[in-house]
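Let me begin by presenting the structure, written as structure tokens, before commenting on it.
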Amino acid sequence: MGDPAGIVLAAAHVSKEFAGVQVLFSVDFDLRKGEVHALMGENGAGKSTLVKILSGFEQPSSGQVLLDGQPVTLPPNGLAEAMGICIIHQEFNLAEDLTVTESMFLGREITRFGILDRKAMRAATRKALNQLGAKVDENAVIRTLPVAARQMVEIAKAISRDARVVIMDEPTAVLTKAETEVLFQQIRRLKAEGTSFIFVSHKLDEVIALSDRVTILRDGQWIKTAATSDLTGEKIAQLMVGRELSSLFPQKREPDVDEEVVLEVRDLSTAFVKNASFRLRRGEIMGFAGLIGSGRTELMEAVIGLRPRQHGQVLANGVALPAGDLGAGMAAGMAYLTKDRKGRGLLLNNGMTTNLTLQSLSQHSRHGYLVPASEAKAMERARRRFDIRARDPRIVVGRMSGGNQQKLLLAKVMEREPRIILIDEPTRGIDVGTKQQIYNFISALAADGAAVIVVSSEMPEVIGLCTKVAVMREGRIVGQLEGDDITEHEIMRYAAGLKTAA
Amino acid sequence: AQEAKTIGVSIPAADHGWTGGVVYHAERVAKQIMAEHPGANVIVKTSPDAASQANAIQDLAVQGLDALVILPTDPDPLVNAIKQVKDAGTFVAIVDRAPSQNDSSVRDLYVAGNNFALGEVAGQYIKANSPDAEVVVIRGMPIPIDEERQAGFDKGIEGSNVKILDRQFGNWNRDDAFKVMQDYLTKFPKIDVVWCQDDDMAVGVLQAIEQAGRTDIQYVIAGAGSKDMIKKVMDGDKMIPVDVLYPPAMVGTAMELTAAAIFDQVPVRGTYVLDATLVTKDNAAEFYFPDSPF
Amino acid sequence: MAIEDTTPRRSLLGDMDLRAVAPFVALALLLLLGAVANPNFISLANLENVATRSAFIAIIAVGATFVISSGDLDLSVGSMLAFTASLMIMFLNAAPIADPFLLLLAAMVLAVLIGMACGLANGLITTLGKIEPFIATLGTMGIYRGLTTWLSQGGAITLESREIQDLYRPAYFGSILGVPAPIAVTVLLSLAAAFVLYRTSYGRHVVAVGSNREVARYSSIKVDRVRTAAFVIQGLCVAIAVLLYVPRLGSTSATTGMMWELQAITAVVVGGTALKGGYGRVWGSVCGALILELVGNIMLLSNFISEYLIGALQGAIIIIAMLVQRSLARRV
Amino acid sequence: MAIEDTTPRRSLLGDMDLRAVAPFVALALLLLLGAVANPNFISLANLENVATRSAFIAIIAVGATFVISSGDLDLSVGSMLAFTASLMIMFLNAAPIADPFLLLLAAMVLAVLIGMACGLANGLITTLGKIEPFIATLGTMGIYRGLTTWLSQGGAITLESREIQDLYRPAYFGSILGVPAPIAVTVLLSLAAAFVLYRTSYGRHVVAVGSNREVARYSSIKVDRVRTAAFVIQGLCVAIAVLLYVPRLGSTSATTGMMWELQAITAVVVGGTALKGGYGRVWGSVCGALILELVGNIMLLSNFISEYLIGALQGAIIIIAMLVQRSLARRV
Ligand SMILES: Nc1ncnc2c1ncn2[C@@H]1O[C@H](COP(=O)(O)OP(=O)(O)OP(=O)(O)O)[C@@H](O)[C@H]1O
Ligand SMILES: Nc1ncnc2c1ncn2[C@@H]1O[C@H](COP(=O)(O)OP(=O)(O)OP(=O)(O)O)[C@@H](O)[C@H]1O
Ligand SMILES: [Mg+2]
Ligand SMILES: [Mg+2]
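For the record, the sequence lines run as chains A, B, C and D.
Mapping of the first sequence onto our numbering: residues 2 to 503, in sequence order.
Mapping of the second sequence onto our numbering: residues 127 to 420, in sequence order.
Mapping of the third sequence onto our numbering: residues 705 to 1036, in sequence order.
Mapping of the fourth sequence onto our numbering: residues 705 to 1036, in sequence order.
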């Protein structure tokens, strides 16, 4: 058994179309034993589709999947796991009502004499989570977990299954650097044991650090497969986008010292966040860094009014906002972009336009009724502004590629033309080309006088974009950095608790 | 002073005109009995279906009964429950609807409303007044009471040329009867007589006929004796020349007999059959109670 | 991902897109079946009868479309109708206003207010009380029906004044430009409802709330308010049905409107609205009500069917209608 | 965030965690209320009566817990009971086997098979036909009830043989170790059901399917099979209820078991199971059935309430019970 070249899993001339729209064009791909093979490409290039085909969740329209050199038809719905192929989907695939342990073993419960062996399953779950250094309670119900913790559950589920091939579709999109590091250690360990990985990511540095080979797709076409050592970040980006990329981040622009303060948070506490205070000036881009579960999301949601606050004040343009009143926050020109785009951001069963205008309908109504033409115009504008690509304009949002969903969500939030913008993970799952566009966009907003908060787990993003960075740890703002102090090293020291502001 | 005695009265819930009348009369007579016999405690309970009526009987028994008067929603399923009470030595009176096993092992007193006769009297009237009529029938709900009425009706028209065009269920409900009648009117170009065996349904039937503007229908025979229909008979309404009496007051009769049995030791065991009186213009005034809800 | 294709383009004449046509095809098939069963069936008079009497369920179903699209359910509509109609008749009987025309007008306003108040109660119990709508409205169903029974003391509540009756009759039996009044009212109401559901922010919010409450909340939609308003719209529709019901039989009892809630919900679902919310079709619901009424009509007009089996056949036909609808919807 | 803390630890005695205690607290409050209303209420005889007769709804509700947890709904249970019981009685009356004991045994097996077949039909129509369970089972509700009407030709079907009746009586009226048979059956069935729901892969799959069909499908769970099996379990439970129903009432008609579906669903939801699926509580459902029965019992025993208002009060009490349950659930 086994291909001479040690090729475990391969795609040969694989094409795929959905309802007449072709998304993959005769793509070739092969995965060697014990390698990490990165798959890269713009949003909508077809990466997720390709890995779904390689794990049986989709069948190719033409072409073949080869396992150990033999053509196979992979069984659907995760049954390919029995053949040693395991996948982490780009979007979460967990039932909210189940516990972590129940999710880990769903569909392959351990039983003794037909009775669930719950103890054994709990222990195995604990072990898998510990390996990843994840502080997630194995008895917690998925519904109560933050996004990143869910991702850790997904990862734990996949790597605990003794698979020969593990496919990870953007596993690190919501992880911070620290968690990513632990994950990479585990991948390297398993790789040494002979497991093969397909790794989909938009984070170039991760790809270069982890992968052995890289395959690049563009618009559903295979472009290049090469050893990672032969490539650089710029080269990959150029191959993906099809053009030269200049520097990713625009020039930083420090706002004037006596520019007015548009947002002031005083001593705000929620169930988890304690005594957070910060100020945001007109034209400023402020970053929030921290580890998973450090409370950044909770703080932002309390500021905008999505969560009750226990005490503290939020002043927008000097006016105090009532607690827990999102409407008031919005009326004050604020907007919040959630990180959980599937659960809280977009209506997956509706079209793009419905989603785009959902929180700005008043702008499209005349005498109380909606004007479809006006909505269509807004959609057209958003499509150009955020480079939203959908090959079928009537597609329901849930079927769009992850990155394009993110762009649509960004467009939705920007529709109201807010002046104080809180963005949680602005570029989650977005390709480098578009990232650059989004950074430019944020920068332009600030230059235009808006104030922006960027909550991000991507260190370069915080460093490259922000003129001020707050670092959170266990619900508290433990440090604020400005100017040249904003370095990866400094941020990490605060985030890890090695340093606290006086 | 008289000793304290409890009479339990279990009747169907007031979910329809006739049963509404039953509740009215049961409560009326209950007050009356308690006024006449200072020691009497009469408890009236209603139940929507057989199973819950079986429960209600149990609940009454728990309170310690000396007598039980029951008008069963559906008699057969209640036999076991009634027997339990009877076996405990309680005086039992069954009203209106007889179980298939209806002897002294089940009850002491049976006040029979006569469903068979209700159908029969209506049938006989048609046979006598329009022996060649083409009749449409609107039935109630598919339960034994309705079946008995149909059998009685068939007996009543036996030997005449009366032709039954169709029988459909109107669920003892005005709106459903309205629909069924509308469809009959579409289906049959000529209808002479409608037998709808219930006054509630007659309301819908009359409305449908009026709306269609059809003049071929000679009359409608309903039944039970609601005040609205008796009034029509009294006023000489051509469409409602007669009504067949099926008085909800029979529950009161049974309660009075039961009170007599347990307080005054009057021997009232056995079967009392009520007539299904034909109410005509001449005797209508006797049966008109404007204050009754039914 | 549980993604169904809910096509976004809708014109004012509603959801007449390819997929939404399915219930109308089922309707057409039924009409054909009816024509085979009995030649009288296809007569204008019969079809007019059927359409006219489907008006009650259709009007209630239009309201139910809002409640169901927003992800809720209202089981109390039948008893709400009985309750509202009873109060309206009692008001007319009490005649606190001498002028019959003004009295009638006042009674109609009263009915509308009562209907909306009942809807509001349902909405508040469901949203503020955070009780499953199924249970909340099962509870209020008991309450409204119980109150009706109590008001009627188990008997009937009948409109007494001949004058009012004659004045009011045309509201049901009259016609507007040759169209029977109930049909005209249903069409106008549906137009208005389709407008609200497809062409206003509120309608969009209803769909968003039914589709995903969290997404709606994060989009600064007042979820509880939208849901409650849908219940109030349902109450309004019930009141409109009452306004047509009272002139028809002029009387209510404890059985008035029994099981109508199930019929209304069935009409809505047969019409293509998803019970889990997030997608509503006003005209589909009206079509569903027509289908239900036609099924009963065909049964009665055909001569082959034992009266005992009618219930069974109705059940079977509903299932078949849904299968037809589904397989069509999948094809287009 | 709409985060509800669904505590994860479940023991075999079910879902007796802190939050699941809520319905039992509501039950305790009702017991208190009852004791105030009538001194006879708290007597052992009365409580035993109530518990005994809540058995029908409790047993059906245990089955409904599976269907509802898996995200479906079965409205046909009441008519399924009538249909199965009718066939069982007709079989006993036809007496194809001479030996009464064997005859009875055969009839019981037959009832179980019929119940399961009815459940299977519901499951297949819902899953293969891809019809909303609400509509699919509303359809089969009509079918089963219609067939019952037809079998009884509009009348009643009554168990004739005295011998069989006497032989069968103890199944309902007898007791096992001093516990009335229906209570014993309910407890044993609930234990078995709790075991299946909480301690087997199948139970886990039911909850997963109810929580998120797509996730379940992606976890290589045969979603349709799990859902259909839940319907079959529901059918089995209905059949078990029939086995107790026939010795108690010995007779069926077209109105047998009417509205029981609503009672069973109410019991399940009052017991804490979520109607949208993904979370089931067997013991909660049994407790819910007890609550419903107690409400009726208290009404009957208290002598102040107008007959006409009972329905209204029952509705109100259900809403109050849910409010109590919810506010408790939120506190703990
Ligand atoms: N089930 C589907 N039906 C219709 N179109 C689909 C479906 N799944 C994917 N597509 C389309 O296929 C194209 C490729 O999507 P895919 O998810 O593979 O992109 P991707 O490379 O993973 O992008 P991203 O980086 O944004 O995740 C997109 O245009 C998407 O809209
Ligand atoms: N491991 C964990 N398991 C369960 N809950 C957690 C965990 N870590 C933090 N939380 C909870 O998460 C909330 C704070 O997380 P929040 O999402 O605000 O943090 P964050 O910094 O935005 O991180 P993330 O990257 O996860 O979004 C708090 O309610 C906290 O109790
Ligand atoms: Mg992707
Ligand atoms: Mg966060």
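Here a beta-carbon is modelled for each residue, glycine too, at the ideal position from N, C-alpha and C.
Since we're looking at a predicted model, the values are computed, not measured.
DSSP beta-bridge partners for residue i?
i: Cys87 of chain A; result: A:Val167
i: Gln65 of chain A; result: A:Ala13
i: Tyr949 of chain C; result: According to DSSP, Tyr949 of chain C bridges with nothing at all.
i: Glu265 of chain A; result: A:Arg280 and A:Leu316
Since residue i meets chain F, which of its residues come closer than 8 Å, beta carbon to beta carbon?
i: Ala1020 of chain D; result: Chain labels in this structure do not include chain F; the protein chains are A, B, C and D.
Please work out which residues of its chain come closer than 7 Å, Cβ to Cβ, to residue i, disregarding the five sequence neighbours upstream and downstream, and give them in chain order.
i: Phe795 of chain C; result: Ala811 and Leu814
i: Ile271 of chain B; result: Arg223 and Asn241
i: Lys407 of chain B; result: Val359, Met360 and Gly362
i: Ile707 of chain C; result: At Ile707 of chain C the pLDDT is 44, less than 50, meaning the model places this residue with poor confidence; the figure from the coordinates comes in the next sentence. So the list is empty, once near-sequence residues are dropped.
i: Thr379 of chain B; result: Val237
Just reading off the alpha helix (DSSP H) that residue i is part of, what are its end residues?
i: Gly827 of chain C; result: Pro804 to Thr831
i: Asp369 of chain B; result: Where Asp369 of chain B is concerned, there is no enclosing alpha helix (DSSP H), although the beta strand (DSSP E) it sits in stretches over Asp369 to Leu371.
i: Gly147 of chain B; result: Gly143 to Glu162
i: Ile271 of chain B; result: Pro270 to Ile283
i: Phe442 of chain A; result: Val433 to Ala448
i: Asp302 of chain B; result: Arg300 to Lys313
So does residue i have its beta carbon nearer than 8 Å to some heavy atom of ligand 5?
i: Asn78 of chain A; result: With respect to small molecules bound, the structure shown includes ligand 1, ligand 2, ligand 3 and ligand 4 and not ligand 5.
If you check the beta carbons only, do residue i and residue j fall under 9 Å apart?
i: Ser27 of chain A; j: Gly79 of chain A; result: no
i: Leu322 of chain A; j: Lys48 of chain A; result: no
i: Leu411 of chain A; j: Pro427 of chain A; result: yes
i: Glu97 of chain A; j: Gly982 of chain D; result: yes
i: Leu996 of chain C; j: Ile1023 of chain C; result: no
i: Gly465 of chain A; j: Lys253 of chain A; result: yes
i: Gly984 of chain D; j: Phe770 of chain D; result: yes
i: Pro198 of chain B; j: Leu953 of chain D; result: no
i: Gly147 of chain B; j: Ala375 of chain B; result: yes
i: Ala156 of chain B; j: Leu194 of chain B; result: no
i: Ile763 of chain C; j: Thr788 of chain C; result: no
i: Val973 of chain D; j: Ala934 of chain D; result: no
i: Leu67 of chain A; j: Leu117 of chain A; result: no
i: Thr956 of chain D; j: Ile861 of chain D; result: yes
i: Asp776 of chain D; j: Gly767 of chain D; result: no
i: Glu1 of chain A; j: Pro172 of chain A; result: This structure gives no information on residue 1 of chain A, because the portion of chain A shown stretches from 2 to 503.
i: Phe289 of chain A; j: Ala471 of chain A; result: yes
Got a sec, what are the start and stop residues for the beta strand (DSSP E) residue i sits in?
i: Gln186 of chain A; result: Taken as a continuous stretch (DSSP letters only), Gln186 of chain A belongs to no beta strand (DSSP E), being part of the alpha helix (DSSP H) at Lys178 to Ala193.
i: Leu881 of chain D; result: Segment: none, Leu881 of chain D is in no beta strand (DSSP E) and carries neither H nor E.
Here's a check: name, in chain order, each residue in its chain whose Cβ is nearer than 6 Å to the Cβ of residue i, leaving out the five neighbours to either side.
i: Gln1029 of chain D; result: Ala726, Pro727 and Ala730
i: Arg293 of chain B; result: Val263 and Arg265
i: Lys500 of chain A; result: Arg494
Which same chain residues, not among the five before or five after residue i, have their C-beta less than 8 Å away from its C-beta?
i: Phe273 of chain A; result: Gly296, Glu299 and Gly476
i: Leu832 of chain D; result: Asp928
i: Leu948 of chain C; result: Ala759, Phe760, Ile763, Ala875, Tyr876, Ala885, Pro886 and Val889
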